[in-house]
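Read the structure below first, then the notes.
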Amino acid sequence: MTEAEKAYAEAERQIEAARKEQAESLSFDDEATQALTTLPESIAGLTALRSINLDNTQIADLMPLSGLTGLTRLRLSHAGVTELTPLSRLTGLTELQLAGTRVTDLTPLSRLRGLTTLDLEDTSVTDLTPLSGLMGLTTLDLEDTSVTDLTPLSGLMGLTTLGLEGTSVTDLTPLSGLMGLTTLGLEGTSVTDLTPLSRLKGLTKLDLSRTDVTDLTLLSSMTGLTRLRLDGTSVKDLMLFSSLTGLRELGLNGTSVMDLTPLSSLTGLTTLDLDATSVRDLTPISRLTGLNMLGLNQTGVTDLTPISGMTRLMRLGLNDTGVTDLTPISRLTGLIWLWLSGTGVTDLTPISGMKRLTALNLNGTGVTDLTPMTNLKEMHWLEIDRTRITDLSPLRSLSQLNDLHLNRSAVIDLRPLLGLDRLIDDPATIDGGLQFRGCAACAADPRIREISEIEGDSSRASALFEYLKDWVPPGLQIPAASPAPLMVKIEDGRMRRTGSGELPENDAMTRAEMGWAALKAYRDSFGASFNVHNYAPLLAVMSAFDAAMGEAFDPQRMILIGVMGTRIVNLSGDLKFLDSLPDGAETDLQGFAAQISIFLNRFPDWVTYLEEAEANDATADAVKAERAAFVDLNAALTETGMVENKVTEEFAAEIAVALGDDADTTAAKGLTASTRELVRELSEAAVEEVKTGRIARKDVEDMNQIADGEFAKLRFWTYGWPLVVLKRKQASLRRLANRFPARLGWLGPVLDYLIGADEDQ
Numbered sequence: 006m007t008e009a010e011k012a013y014a015e016a017e018r019q020i021e022a023a024r025k026e027q028a029e030s031l032s033f034d035d036e037a038t039q040a041l042t043t044l045p046e047s048i049a050g051l052t053a054l055r056s057i058n059l060d061n062t063q064i065a066d067l068m069p070l071s072g073l074t075g076l077t078r079l080r081l082s083h084a085g086v087t088e089l090t091p092l093s094r095l096t097g098l099t100e101l102q103l104a105g106t107r108v109t110d111l112t113p114l115s116r117l118r119g120l121t122t123l124d125l126e127d128t129s130v131t132d133l134t135p136l137s138g139l140m141g142l143t144t145l146d147l148e149d150t151s152v153t154d155l156t157p158l159s160g161l162m163g164l165t166t167l168g169l170e171g172t173s174v175t176d177l178t179p180l181s182g183l184m185g186l187t188t189l190g191l192e193g194t195s196v197t198d199l200t201p202l203s204r205l206k207g208l209t210k211l212d213l214s215r216t217d218v219t220d221l222t223l224l225s226s227m228t229g230l231t232r233l234r235l236d237g238t239s240v241k242d243l244m245l246f247s248s249l250t251g252l253r254e255l256g257l258n259g260t261s262v263m264d265l266t267p268l269s270s271l272t273g274l275t276t277l278d279l280d281a282t283s284v285r286d287l288t289p290i291s292r293l294t295g296l297n298m299l300g301l302n303q304t305g306v307t308d309l310t311p312i313s314g315m316t317r318l319m320r321l322g323l324n325d326t327g328v329t330d331l332t333p334i335s336r337l338t339g340l341i342w343l344w345l346s347g348t349g350v351t352d353l354t355p356i357s358g359m360k361r362l363t364a365l366n367l368n369g370t371g372v373t374d375l376t377p378m379t380n381l382k383e384m385h386w387l388e389i390d391r392t393r394i395t396d397l398s399p400l401r402s403l404s405q406l407n408d409l410h411l412n413r414s415a416v417i418d419l420r421p422l423l424g425l426d427r428l429i430d431d432p433a434t435i436d437g438g439l440q441f442r443g444c445a446a447c448a449a450d451p452r453i454r455e456i457s458e459i460e461g462d463s464s465r466a467s468a469l470f471e472y473l474k475d476w477v478p479p480g481l482q483i484p485a486a487s488p489a490p491l492m493v494k495i496e497d498g499r500m501r502r503t504g505s506g507e508l509p510e511n512d513a514m515t516r517a518e519m520g521w522a523a524l525k526a527y528r529d530s531f532g533a534s535f536n537v538h539n540y541a542p543l544l545a546v547m548s549a550f551d552a553a554m555g556e557a558f559d560p561q562r563m564i565l566i567g568v569m570g571t572r573i574v575n576l577s578g579d580l581k582f583l584d585s586l587p588d589g590a591e592t593d594l595q596g597f598a599a600q601i602s603i604f605l606n607r608f609p610d611w612v613t614y615l616e617e618a619e620a621n622d623a624t625a626d627a628v629k630a631e632r633a634a635f636v637d638l639n640a641a642l643t644e645t646g647m648v649e650n651k652v653t654e655e656f657a658a659e660i661a662v663a664l665g666d667d668a669d670t671t672a673a674k675g676l677t678a679s680t681r682e683l684v685r686e687l688s689e690a691a692v693e694e695v696k697t698g699r700i701a702r703k704d705v706e707d708m709n710q711i712a713d714g715e716f717a718k719l720r721f722w723t724y725g726w727p728l729v730v731l732k733r734k735q736a737s738l739r740r741l742a743n744r745f746p747a748r749l750g751w752l753g754p755v756l757d758y759l760i761g762a763d764e765d766q
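So the number in the working numbering is just where the residue sits in the sequence shown, counting from 1, plus 5.
This is how it looks when you write it as structure tokens:
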């Protein structure tokens with residue numbers, strides 16, 4: 006079956022469904038029907054239809070639609086249509102979309118007196134005469150057509166929006182009487198004379214971008230303008246616009262404008278595009294505190310002090326400017342987009358408080374340290390192409406990232422990206438997702454280079470993440486004196502475990518304990534040398550790692566060991582940090598970091614150890630002793646209705662099994678897993694319910710009293726939550742802890758212990 010035949014069959018199926026439902030709308034604008042070349046005759050029977058969408062199909066013959074006189078809306082953009090005759094009977098049409106079709110003759114539309122919206126963008130239409138009688142037209146789009154003569158439009162007094170962008174129109178005289186026009190697009194036309202517009206006092210939006218207009222005097226009297234685009238024109242002097250105090254948007258992209266003084270009175274501006282202008286001094290616009298978008302890309306701006314008070318800014322473009330210091334904009338915490346590509350910026354500390362940032366471009370900057378980004382949890386899009394950044398560990402907490410560009414960067418170790426699953430599941434754009442072509446990792450590892458060339462964003466990220474599971478940094482030197490549990494060999498850039506005979510294959514807990522003992526022994530052997538170096542920053546890092554290790558093996562500390570150990574591994578590859586070390590310290594640090602890498606690769610499943618520890622600790626007596634707490638928790642959740650009934654019912658059933666007289670450790674382990682899911686639901690639901698007031702505060706406090714009193718004793722923090730889940734949920738959990746400090750305050754220290762202190766706390 007050909008694609009066209011499949012599309013036809015799908016169209017018939019949808020038509021039959023629409024017939025049964027007496028549907029008023031039908032859309033074939035999807036992948037399943039894009040190959041549709043012929044409309045099924047059965048569509049003629051859908052007399053209830055008011056709207057049909059045939060955008061992007063291959064349909065040329067519209068005859069099956071000729072009897073659907075009840076249609077008011079028809080979309081045919083980028084379809085295969087050339088002939089409009091079948092539409093001549095559809096006199097009820099009010100909206101017709103024909104953009105991107107091969108239509109040339111508009112004669113069949115002359116009878117459609119009810120049309121209010123007509124889109125002819127990117128068609129081969131030249132003659133507008135058939136439209137001269139369509140007095141109801143309010144919106145007409147002629148962008149990128151071959152139209153030159155506007156005379157047929159001179160009587161369409163109802164027109165409010167007219168798009169002429171990219172046409173060969175030169176004479177605007179036919180528009181001189183269209184007093185109702187509010188929006189006029191002339192971008193890229195050959196218009197030079199604006200005199201015919203002098204009477205159009207109702208104009209609010211005017212686009213003259215890339216026209217040859219030189220005399221803009223007329224604009225000074227158009228005080229009703231709210232949007233004015235002059236991109237790519239010859240404008241230099243802005244004095245003419247000082248009286249346009251109603252302006253909300255002003256576009257001057259690509260002009261020779263230098264002096265912004267005339268704009269100082271336009272305090273109503275919300276959008277100002279100065280990209281590619283000669284602007285250097287921003288002082289004249291310092292009072293424009295209502296701006297939410299400011300484009301300064303490719304300008305001579307170096308000092309951002311004048312915009313330090315623009316706290317409403319949401320989008321700021323500084324690409325290819327001489328800006329080096331971001332301190333003046335540190336208070337602009339409302340920013341959601343920030344473009345810094347090609348600037349001299351090296352320090353991101355000033356943006357550390359911009360927690361609403363969703364998009365950041367650092368391409369080609371001197372930035373080397375991403376640590377200030379750790380708390381920018383809303384970040385979706387990050388570009389660090391062509392930078393010297395080597396350490397990606399600060400990105401671990403940015404769980405919303407779905408677009409990350411690392412092309413031609415200095416990054417070698419991509420493992421910190423493991424866990425950022427939205428890079429696989431939700432790339433935001435066609436050219437988005439995870440990109441790392443030409444980065445240092447590609448040069449160091451042929452397989453990573455191959456993966457970087459994969460076309461599909463999801464497939465590329467998925468393949469990389471799978472490959473990184475047992476990947477080791479190039480040049481990792483295995484210490485000659487590795488303890489047996491940590492013995493490995495490296496083949497083809499992958500870590501191959503050896504010495505497994507000394508490790509029990511089916512006992513994860515014992516393996517982990519032996520690995521811990523080996524790592525501690527190795528650490529102790531270097532204790533003296535690290536202390537001799539007496540370098541405070543290094544000692545501080547080692548002290549934190551030692552605290553995580555403890556003096557005796559504790560499976561509950563495996564996550565913390567992993568976090569602290571990874572910090573040391575990252576430091577061992579930080580050239581700036583290594584250069585600061587005393588003689589001899591670099592070799593010791595890199596040797597120890599190599600041993601940690603081996604340990605983390607050998608025993609990666611920390612959560613497994615936690616869950617196994619819980620099961621081993623959950624003896625029958627302990628399970629029975631905890632029964633009351635679980636039952637109370639379930640009762641509180643059920644009573645307040647904060648978790649779906651299905652979830653609580655399943656939980657109650659598990660309680661009955663896991664806490665019965667015959668309870669065993671396996672059942673208790675299953676209950677533990679279910680409990681952590683319940684608490685995740687609870688952490689979100691409690692915040693939302695209190696915020697909206699849908700339940701009484703007393704109920705919430707009663708529930709939290711149970712959580713604080715009994716449930717906290719169940720060692721909540723050892724319930725096997727993967728670190729990535731905790732990171733994703735920590736904002737909700739911290740809000741809960743802050744709202745009920747007496748009952749749930751213990752959540753804060755737990756999160757601090759496992760993740761690290763929140764700077765806002």
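For each residue, glycine too, the CB sits at the ideal point set by N, CA and C.
Just so it is clear, the structure is predicted and the values come from calculations on it, not from any experiment.
| Asked | Found |
| --- | --- |
| Contacts around glycine 339, its chain only, beta-carbon distance under 7 Å, and the 5 residues preceding and following it disregarded | Thr316, Arg317, Leu318, Met319 and Arg361 |
| CA-to-CA distance, leucine 76 to leucine 51, given in whole angstroms | 10 Å |
| Reduced DSSP secondary structure (H/G/I, E/B, other) of aspartate 430 | helix |
| Validate contact between the stretch 39 to 46 and the stretch 89 to 105 using beta carbons, cut 8 Å, 3 pairs | no |
| Local conformation of glutamine 102 per DSSP, three classes | strand |
| Supposed contact pair methionine 227 and arginine 204 - C-beta distance, whole angstroms, cut 8 Å | Contact flag wrong, Cβ pair sits at about 11 Å. |
| Cα-Cα separation between methionine 359 and glutamate 388, rounded to whole angstroms | 17 Å |
| Best match in Thr272, Ala49 and Thr304 for proximity to valine 262 [C-alpha to C-alpha] | Thr304 |
| Nearest-angstrom Cβ-Cβ length linking leucine 296 and leucine 323, presumed shorter than 8 Å | In fact, because the Cβ distance is near 14 Å, the residues do not count as touching under 8 Å. |
| Element boundaries [alpha helix (DSSP H), containing glutamine 440] | From DSSP, glutamine 440 is part of no alpha helix (DSSP H) but of the beta strand (DSSP E) over 438 to 440. |
| Within 7 Å, strictly: CB atoms of alanine 449 and valine 416 | no |
| Cα-Cα separation between leucine 345 and aspartate 325, rounded to whole angstroms | 7 Å |
| Candidates Thr134, Ser93 and Thr131, of which the one nearest leucine 117 by Cα | Ser93 |
| Three-state secondary structure assigned by DSSP to arginine 420 | helix |
| Reduced DSSP secondary structure (H/G/I, E/B, other) of leucine 183 | coil |
| Same chain, Cβ closer than 6 Å to glutamate 693, five either side skipped, listed in chain order | Because the pLDDT at glutamate 693 is just 49, under 50, the model does not fix this residue reliably, and the value given afterwards should be weighed accordingly. No residues qualify anywhere along the chain. |
| Among Pro355, Glu26 and Val350, nearest to arginine 336 - alpha-carbon criterion | Pro355 |
| Serine 32: first and last residue of the uninterrupted beta strand (DSSP E) it sits in | 30 to 32 |
| Alpha carbon of alanine 787 to alpha carbon of glutamate 455, nearest angstrom | An answer regarding residue 787 cannot be provided, because it is not within the stretch 6 to 766 covered by the chain. |
| Proximity below 7 Å, CB of threonine 128 to CB of threonine 144 | no |
| Residue ranges of each beta strand (DSSP E) within the stretch 341 to 424, 3 or longer | 342 to 344, 364 to 366, 386 to 388 and 408 to 410 |
| CB contact flag (valine 196, threonine 216, <7 Å) | yes |
| Rounded straight-line distance, which links the Cα of arginine 80 to that of asparagine 58 | 5 Å |
| Counted within 10 angstroms of its Cβ, other Cβ atoms place leucine 419 as buried (16 or more) or exposed | buried |
| Leucine 211 versus leucine 191 - alpha carbon distance | 8 Å |
| Collapsed DSSP secondary structure at asparagine 258 in the structure displayed | coil |
| DSSP bridge partner residues for leucine 167 (one or two, in chain order) | Leu145 and Leu189 |
| Three-state secondary structure (DSSP) of isoleucine 312 | helix |
| Integer Cβ distance of glycine 182 from aspartate 149, believed to fall under 8 Å | Not really, about 26 Å apart at Cβ, beyond 8 Å. |
| Cβ-based burial, glutamine 595 [other Cβ within 10 Å; buried from 16] | buried |
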